[in-house]
Each structure stands twice: as C-alpha cells, then as structure tokens.
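Please read the structure below before turning to the comments.
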Amino acid sequence: MSNEQSSQQNANNANNEGTPVDENHVIAERREKLKAIREATGGVAFPNDFKPDYQAAVLHAEFGGFENEVLDPKAVHVSIAGRMMLKRVMGKASFATVQDSTGRIQLFISKDNITDENKEAIYDAFKHWDLGDIIAAKGVLFKTKTGELSVKVSELRLLTKSLRPLPEKFHGLQDQEVKYRQRYVDLIVSEETRATFIARSKVVSAIREFMLENQFLEVETPMLHPIPGGASAKPFITHHNALDMQMYLRIAPELYLKRLVVGGFERVFEVNRNFRNEGLSVRHNPEFTMMEFYAAYTDYLWLMDFTERCIRAAAIAARGTAVLEYQGRELDLSKPFERLTIVGAIQKYAPQYTHEQLHDTAFLRAEIMKFGTKPFDHAGLGALQLALFEETAESQLWNPTYIIDYPVEVSPLARASDSNPEITERFELFVTGREIANGFSELNDAEDQAARFHAQMKAKEAGDHEAMFYDADFIRALEYGMPPAGGCGIGIDRLVMMITDSASIRDVILFPHMRAES
RNA sequence: GGGGCGUUAGCUCAGCUGGUAGAGCAGCGGACUUUUAAUCCGUUUGUCGUGGGUUCGAUCCCCGCACGCCCUACCA
C-alpha cells in the first residue's frame, strides 16, 4: 500500500505539467533513490564540479601496452567519467565498466582502496547505483590478472542519476522504432550506431576539406525561398507573418549558388538540407543533406572527374579504403567510374532491345506502359528513353556509373550540347542502383533559360505539378552574365549509406522523419 | 494507395490454431575481494497494441483500426 502510494506521488512530481509519464516500477525505484540522494547531498544531486583528465580510448592507447609489472610501479593517477554500463558486485570488491565518448574502461572498486573516511558509506551507495548512471572516478591504473587495463578506484562519485533503465545489456536495443525515435538510447547502447555517425562526420569533413583544397568558398544560401527552384519536386509551404507572404522550404540551393557565380565567387559550395514534400522510403527522407558546388570555367566532363575524386576521398577518410562492401557485395570506388549514355546503359543492361526499338517513340511508350508507368503525353524520344532506362537499367548500376546525355526537356537548367541541341551536357551518378549525384554544364544563356522557364510554366499549366516556377530575379542575374560553369549536387545521406554499409537512409540520419507518436 | 511481417514484464524473447501467461536481463533481499553478459540462493513486476466478433471460455481464431519494419506503387 505505502509503496504504491509513494510511487504514485513520485509520478506526480515528474508530472507537474500534466504531461503523461510512462512510469513503471523500475523508474519508481530509481526516483526513490534520487530522492534519497537529494536529501543526502543537501540539494546538489547533480554536481558539476568534476573534470575528467582522461578518456577511455586514450588510456587504452597510452597504457594498454604495458604489463602490470611495468604499469603498477608507475602509479599512473587518472580521473575519468562516464556512463556505467556494466556492474559486478562481489562482496567487498566490485568491477564496473564505464563508457565515455571514446570507449569503455573498467573500474575496480574495493572498499579498502577508497581514501575517503566514509569509505563504507561510499561503497554501500555504489552498490545501489544503477546501470546508466553517470559516475566519476579517480585512481591508479593497473591490469587485472586477465590483462584488462583498469582503474583501481580511490575516489568515486555519482554525477547524474539515470531514472530510466537501459535496454538489456547483452542484446541491446532491438526495436527499430525506438532506435529512430529515441536515438539517444540507441547511441548509448550501440557501438555500431555511434560508428555510423562518426563515419558520417568524417565523410562531411573530408568533403569540406577536399572542396577547400580546390579553392572552393563555402557559403550559406537561403533555406526559406519565395520561389522554390533548382529541382523538380513538391515543396513544403510555410508562411512569414510579418511580411504576410507565402514561403517555401528550399528544394535545392542551385539558383542561389549560381547567383553567387554571377557575383564573382567563381567556386562555391554549400553543405545543407533540402526539403521535399514527397514520400518516404529507404532512400528518401523529407529533409536530406546535399553538397552542391559550382565552378566557373569548368564543364560536365571536369565535374565527373572531380566528383569521382571527391567521393573516393570521402570513402578513404571514413573507411580507410575505397574498396568497400555494401550489403554483402563488393563495391569498388577505387577504379575510374564507368560512363554510359542512357541508350548505352539500356543496351548494356537490357540487351533485348534493338537500336531501332530504342529510337521508336511508339515502341518505347508501349514498352514503358508494360512496367506500369505512364509517360507524359508530351514526352519526347529522350524522355521516353530515360523512362525505359529507369525501368530496366538503373537498379543494376552497382559499381559507380555516370549516365550522360540527358534530354533537354527534363533538364531545364542544364546547358544543351553544342553538337546536339536535344541533349544536355549532364550526368547522373549511380552507385548500388541509386542516384548519388547529379551535375551538368550550366545554362548561362539568360534568354534560353527564360525560354526554358516558360516551357516549364506551360508544363505546370498542363498538369505537371512539379514543373519549375519562373524565377525572374534569377533570369535578371543571368542577364548580368554568368561565366561558363559546371555544377553538381551530391546526396550526402545516400553517399554515407554506401560508405557505412547502411540499408536505410534512416540509419544515417540521427533523427529521421517519423509519424507523430500516438 | 496495395502487399508481407511484427506489436506479450522496464529490456530481449518463449507461449503447442482456445482453458485468464513464462524465461533471461534489469530491480529488490542475501552470499561472495580479480570479475568480463560475473556466479549462486530467494523475490517483485503484465490493460498480451487497440476496438469489435466467434466461443461456456480468446495472448491464440475472424474483422476493423493504430503504430513500426520491409517490398511495391505514387511522386521525377
């Protein structure tokens, strides 16, 4: 009875805003312990006066190599802090494993080694600390008889009481939903998850470094756009109150980055989020990270070479090699990336089609319908070939492959080929059957660009909701003259998936988009 | 939008096409001064996702719904 009453009270304490709290007997027990700590410490239950001078990985690196006969006489004094992940109490002595951001280190806690005169009380308190508590220790390094580097603890403190139990210590967190929704828990218990996001960080810094080495200037352009542009996609719509105007979260930074090239920043890049109001899948998240860059006096051929080197550098920085394994299959980024035209890729991966068939619009239209896709009525030869490519070849492009010769009608911002006005100087990079990058020689003819925007507006009127808007200021910028340039966007999330051998984009985004919790 | 699989203790999972639920971990009590998921003894804990239906009786069978994962489609 009294037990039930007190746990009820505690739940109410935590619930002072009327927010629902999923209380259970484990949490109730821990709240009781915290209450006792608050009373015993006179209010400072969460002290912040401890500064560790070592981290776990540093200890292992610096002292892990010594035998105890060498280590013991050195009497290396260390102080460390972290989350208690394992605890083994054996009467008057105990072991605890503490985890910090670099790894784990074992503590050996024996009542006799504690220097404080209240050693008895400290040790008894420790016995009731829980897995997940954040603790601090000072002591001397030694090796156990099984050779594990450990700290012989002389001072021990509880810094932060953890109120919620961690997932089962051996199997860890198995529920995929909880891994995504409560990433903090996933990070606490999964070394693999931590490694993925450390790799992601390395990929991003390697890319930054690569861009800076190549004289690119990092810039930040608007995320709130009055006109969404730079890609064909449905935008998120929002409203600015003070100006009483509709705004859009950006679907791409392209048109702003090109304005900067007009302004004289000849090499610019931006690593930031794009937002697209579309479906979710293992390779789509409504907000995703793109590295987009523009370089004056370059073209799509230069871009392909450059992008290839950039991706290779990122893989090596994160994994130490460009020969990777993805989902059990070798993925080789070390060799020059293959280059195929759209038609060439169909011929290679779907050789049942003849040259004549691939240039017969009626045949192509019928063939595409067989895959359950209906091409736009106004789709020309190039668009039909592209649609067939997507149905037959795209998913088979495992090792890095550049697909080139995209038709003008689906590339409203790309420069047309000088030799064939129907196609553009554009490429998309495919790896593991997925689009990773998209780049082209930029269209810098303001009048041509204006005409292409008009064509897009017509398509929009004809029902193509994703056709682009007319951006008059962008045309005005081009009218000042943009130097010939190449530009490319690399999907960072998909690149990180590939490099970290992750099956889902959600595994490489810390807090992926989820339905609202019920 | 369609299909498949899943939802049982705080966590990881059992539960025989029907008789109102179990184990391990965690917790609590006890033993234990070199453990490694420590061990040993004892012990607490459940709206079986949710709403209906069938049945004397449903965690189990049927239908709906919610949420999740995967596939697929839409969306360039």
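Using our numbering, the letters of the first sequence correspond one by one to residues 534 to 1051. All C-beta atoms, glycine included, are put in the ideal place defined by N, C-alpha and C. Note that the structure is predicted; figures quoted are calculated from it, not measured.
query, result
"Classify residue 632: buried if its beta carbon has 16 or more other beta carbons within 10 angstroms, exposed otherwise.", "buried"
"Under the three-state reduction of DSSP, which class applies to residue 1032: helix, strand or coil?", "helix"
"In whole angstroms, give me the CA-to-CA distance for residue 732 and residue 830.", "33 Å"
"Could you say which of 899, 932, 931 and 578 lies nearest to residue 917 if we only look at CA atoms?", "899"
"DSSP three-state label for residue 558, please.", "helix"
"DSSP on residue 989, reduced to helix/strand/coil?", "helix"
"How far does the beta strand (DSSP E) with residue 780 in it extend, from its first residue to its last?", "778–782"
"Does the beta-carbon distance from residue 919 to residue 939 come in below 8 Å?", "yes"
"Kindly indicate which three-state DSSP category residue 577 falls into: helix, strand or coil?", "coil"
"Would you identify the three-state DSSP class for residue 640, choosing helix, strand or coil?", "strand"
"What are the complete alpha helix (DSSP H) segments, minimum 4 residues, inside the stretch 910–964?", "914–925"
"Excluding five sequence neighbours on each side, which residues of the same chain lie with their C-beta closer than 7 Å to the C-beta of residue 663?", "563 and 695"
"Please classify residue 733: does DSSP put it in a helix, a strand, or coil?", "helix"
"Under the three-state reduction of DSSP, which class applies to residue 744: helix, strand or coil?", "helix"
"What beta strand (DSSP E) runs, 3 residues minimum, are completely inside the stretch 602–650?", "610–623, 626–633 and 636–643"
"Just to confirm the assignment: which complete alpha helix (DSSP H) runs, minimum length 4, are found wholly within the stretch 831–899?", "833–852 and 875–882"
"Pick out the complete beta strand (DSSP E) segments inside the stretch 741–829, 3 residues or longer, and give them in chain order.", "770–773, 778–782, 800–808 and 820–829"
"Check whether the stretch 744–762 touches the stretch 795–808, taking contact to mean three or more Cβ pairs, one atom from each stretch, closer than 8 Å.", "yes"
"Can residue 599 be considered in contact with the ligand COA, in the sense that its beta carbon sits closer than 7 Å to one or more heavy atoms?", "Summarising the ligand content, the structure contains no ligands, and the ligand COA is consequently not present."
"Measure how close the beta-carbons of residue 671 and residue 688 come, nearest whole angstrom, since I'm counting them as under 8 Å.", "4 Å"
"If you reduce the DSSP assignment to three classes, tell me which class residue 975 lands in.", "strand"
"In whole angstroms, give me the CA-to-CA distance for residue 637 and residue 744.", "35 Å"
"If contact is defined by three or more beta carbon pairs under 8 Å, each pair taking one atom from either stretch, is the stretch 623–632 in contact with the stretch 577–587?", "no"
"Tell me where the beta strand (DSSP E) around residue 667 begins and ends.", "667–676"
"By DSSP, does residue 492 sit in helix, in strand, or in coil?", "Because the chain here runs from 534 to 1051, residue 492 falls outside it and cannot be looked at."
"Taking the straight line between their C-alpha atoms, what separation do you get for residue 679 and residue 652?", "27 Å"
"As a quick exercise: from 1028, 957 and 602, pick the residue whose alpha carbon is nearest that of residue 915.", "957"
"Under 8 Å by Cβ, that's how I've got residue 833 and residue 1018 pegged, so tell me the actual separation to the nearest angstrom.", "That pair is no contact at about 11 Å."
"Considering only their Cβ atoms, is the gap separating residue 927 from residue 870 smaller than 8 Å?", "no"
"Where does residue 1047 fall in DSSP's three states?", "coil"
"Return the residue from the list 1015, 815, 875 and 656 that minimises the CA-CA distance to residue 1026.", "815"
"Is it buried or exposed for residue 613, if we count other Cβ within 10 angstroms and need 16 for buried?", "buried"
"Report buried or exposed for residue 1006, applying the criterion of at least 16 other Cβ atoms within 10 angstroms of its Cβ.", "exposed"
"Under DSSP, the alpha helix (DSSP H) around residue 591 begins and ends at which residues?", "589–596"
"Among the residues of its own chain, which have a CB less than 6 Å from the CB of residue 804, if the five just before and after it don't count?", "824"
"Given that a residue counts as buried once 16 or more other Cβ atoms are within 10 Å of its Cβ, and exposed if not, what is residue 971?", "buried"
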